[in-house]
Structure formats: C-alpha cells, structure tokens
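Here is the structure we will look at, set down as structure tokens.
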Amino acid sequence: MKITGTSSYVMLDIEGKKIRAEGEMVVGGFVAEKSTMKQFEPPYESEPVTDAVRQHYIDEAVKKTQGSHMVMKFV
19 MKITGTSSYV MLDIEGKKIR AEGEMVVGGF VAEKSTMKQF EPPYESEPVT DAVRQHYIDE
79 AVKKTQGSHM VMKFV
C-alpha cells in the first residue's frame with residue numbers, strides 16, 4: 019500500500035487502484051472519514067467500492083501506519 023495526500027485528504031493506493039478518503043491531519047496522524055470512501059479514482063471509477071473493499075483498504079492503511087509518526091484512524 020502507498021499512502022499520499024494533503025492535510026485534508028489521503029489517497030490509499032493498492033496495486034494502482036486508488037481510493038480517496040477525506041479527513042483532517044492531527045498531531046501524530048490523520049483522521050479519515052469512512053463515509054467519504056465512495057469510489058475508486060480513474061480509470062477504475064466504474065468498479066464498485068463494497069464494504070469489504072473499503073474495510074480492506076482501511077485495514078491495510080492502519081497496519082502500514084501503526085507505530086509510525088503518522089498514524090491513520092478512521093471514523
């Protein structure tokens with residue numbers, strides 16, 4: 019997983035399929051809103067983002083950032 023973004027959103031990328039999650043940068047990490055993870059970025063925007071897919075991206079992001087200076091949390 020690759021994680022990029024700004025102070026207001028993160029882009030979660032697994033093998034080129036990206037999902038944008040909006041949120042807020044806080045001291046020590048980023049708090050993202052699950053409800054903003056609605057669709058993949060182009061060229062995969064026509065593929066559905068199911069609850070299982072959304073949870074997979076969340077789990078991978080939490081695992082990757084655990085113990086780092088930029089911990090991700092999802093609400």
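In terms of our numbering, the sequence shown opens at residue 19 and continues consecutively.
Where a beta carbon is used, it is the ideal one built from N, C-alpha and C, also for glycine.
Residues near residue i in its chain [Cβ-Cβ closer than 6 Å; skip 5 each side]
i	result
K35	F58, Y62
K91	V49
D31	K20
Closest by C-alpha distance to residue i, when choosing among the options
i	options	result
D77	H87, S64, K52	K52
A70	S64, K56, T22, T83	K56
P60	M29, S25, M88, R72	M29
One or two residues paired with residue i in a DSSP bridge
i	result
Y75	Its beta-bridge partners do not exist; DSSP assigns none.
D31	K20, K36
E42	V49
Inter-residue Cα distance where the pair is residue i and residue j
i	j	result
G46	V67	28 Å
E42	S86	17 Å
Neighbourhood of residue i by C-beta, 7 Å cutoff - its chain only, sequence neighbours within 5 removed
i	result
K82	M19, I21
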